[in-house]
Structures are given as structure tokens and as C-alpha cells.
Amino acid sequence: MVGDPHEDLLERFVQGDQDALEVLFERFAAEVHGWILRIVRDSGAAEEVLVESFWRAYRGRARFDASRSFGAWMRRIATNASLDHLQAARRHARWSSVDHDAPAPASPNPELRESVAIAFRRLPPKLQVVAALALIEERPHAEIAEALALPIGTVKSRVSRASARLRKELSSLGIRP
Amino acid sequence: MTDDQPLRLLLRSALPPVTDLGLAKDLWPSIVHRRPALSGWPWLDLGVAAAVALVLALFPDWLWLLAYHL
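First to last, the sequence lines map onto chains A and B.
With the numbering used here applied, the first sequence covers 78 to 254.
With the numbering used here applied, the second sequence covers -5 to 64.
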């Protein structure tokens, strides 16, 4: 995590200075984009969500405490924006068969890969977020908890529910992990 | 946690962790481009708030229904 910029910059951001927003965007865009990409797993969508996240931050700047970490605050906003994206994508039933920008899978079996991807996309978005971050990206529960503004216990519970749901979905597709 | 290991391996073999996290292009122009859209939001927010206030003024008992949904 990049160290937070000077408090003066953050104060100017809170007061609505768009130059300050630009500086913060330059400093944090790559890091926030990486976090979003881990959740939405599509670079086009990640770019849209990144832009949305910074606008949400700018609109909600009055709620930011300039003595706190801007990076952590942005990550929380980006996580919520990513969740909204997944929910909207589910509503419009236009899930990409996904992972256009993910690395080539190790699995040599494309049918198995597709089935696992289908099972994953059938998860409710809230479970999909924790499954992506905890099971695929292997991010620490504490980091996920902070990004979702949830207690660690709740994150663990969601990971457990996501695993159970995935097993059920995979089982319905004839796969037993 | 150990019970999850086979599931994790299966997931990660089909949906590998994202490694290339970099930004392919400068998105600041997209942020600037969205600026006009931003000015429309407060009016929409105000409209919704006014509508809710009006409905609650006419039907005060609905406050509980609203509170339940919030």
C-alpha cells in the first residue's frame, strides 16, 4: 500500500479541489484498479468501476476523515462499486464467460474450466466477492474485512457459505472437488 | 480451512488469480468527462427525498414500512 499523501492534499480534496482529486487519482488509480480487477475479473469492467469509484469518492468527500488512510477508504468504495457492478451484471444477465484478462488457466480441460466458471458466476454477488478475494486471490481475511467494512467473523462466515454454495453448484454440474 | 483446499485448487486452476494488475491507459480523461453527469445527481437525490417526504406527510403510518426496508 502506498503511503498516504500529505494531509494538506487530503484537506484540499475534502474541500472539493479537483486538482487534489487528480493528484490522488494519479497516486492511487493503479492500486485501486488492481483491487477492482481481482473482484470483477474483467479489465473493461474494472476501468468503468475505477472511474465510478473515484467519482463516488469525490461525491462523498465530506465523509472522508483526512487523518485516515485514503488508500483504505478508496478500497472500501471500490469494493462497494465492484459489488454493485456484479449485481447489475447479474440483473442484466450479461455475465461474460469471463476472465478475458485473467491469465491462461492451468486446467487443460476447457469444459471443466467453463463449468467451474459457471458455478462461480452463479454465486450471489456478496459471496462472489469474498470467494474471489479469499479463495482465488488468497487475500487475508482481515484485508477483505476492512474493504467490506465487516467484522472478520462475518467474512469467514461468508467464505464458508461461498464454499458450500460452490460445492452445491459444482455438484449439480457433475463435479466433485 | 483445510477442507477448502481441493475447492481452492479447482477454482484457481479454472479461474487463476489475476497477475497483471496494471492500468492499460490513463483514465483521468474519463473522470473529467463524467463531470457534467455529476451535476445532475443532486437534483435527482433532492427529487427522491422530496417525494419520500411528501408521501410520509400524507401517510405517516408508512414510516414504519420505510424503516423496515431501510
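Beta carbons are placed, not taken as given, at the ideal position from N, Cα and C, and that holds for glycine.
Residue interval of the alpha helix (DSSP H) (run including residue i)
| i | result |
| --- | --- |
| Q(-1)/B | -1 to 8 |
| S146/A | That residue, S146/A, is in no alpha helix (DSSP H); it is neither H nor E in DSSP. |
| A97/A | 95 to 117 |
| H27/B | 22 to 27 |
| G121/A | 120 to 136 |
| L57/B | 56 to 63 |
| F53/B | F53/B -> no alpha helix (DSSP H), and no H or E assigned at all. |
| R253/A | From DSSP, R253/A is part of no alpha helix (DSSP H); its letter is neither H nor E. |
| L87/A | 84 to 91 |
Classification of residue i by the beta-carbon crowding that lies within 10 angstroms, buried from 16 upward
| i | result |
| --- | --- |
| A123/A | buried |
| G148/A | buried |
| T13/B | exposed |
| Y135/A | buried |
| H169/A | exposed |
| F53/B | exposed |
| R235/A | buried |
| S249/A | exposed |
| A165/A | exposed |
| L243/A | buried |
| A155/A | buried |
| L1/B | buried |
| W150/A | buried |
| V128/A | buried |
| A97/A | buried |
| S72/A | Since the first residue of chain A shown is 78 and the last is 254, residue 72/A is not available in this structure. |
| P10/B | buried |
| L64/B | exposed |
| W132/A | buried |
- Message: My parser needs the alpha helix (DSSP H) runs of 4 or more residues fully inside the region 192 to 228 of chain A; what are they?
- Response: DSSP runs (the alpha helix (DSSP H)) wholly in the region 192 to 228 of chain A: 202 to 207, 218 to 225.
- Query: What are the residues of the region 238 to 249 of chain A that lie near chain B, defined by any Cβ-Cβ distance shorter than 8 angstroms?
  - Reply: S240, L243, R244, L247
- Item | Within 8 angstroms of chain B by C-beta, residues of the region 115 to 127 of chain A in sequence order | R115, R118, S120, E124, L127
- Query: Are the region 104 to 112 of chain A and the region 193 to 207 of chain A touching, with three or more C-beta to C-beta distances below 8 angstroms?
  - Reply: no
- Message: Would the region 108 to 123 of chain A count as touching the region 202 to 221 of chain A if we require 3 or more Cβ pairs under 8 angstroms?
- Response: Under the three-pair Cβ rule at 8 angstroms, the region 108 to 123 of chain A counts as touching the region 202 to 221 of chain A.
- Task: Select from the region 138 to 170 of chain A all residues with a C-beta closer than 9 angstroms to any C-beta belonging to chain B, and list them in chain order.
- Result: Residues of the region 138 to 170 of chain A with a Cβ closer than 9 angstroms to any Cβ of chain B: none.
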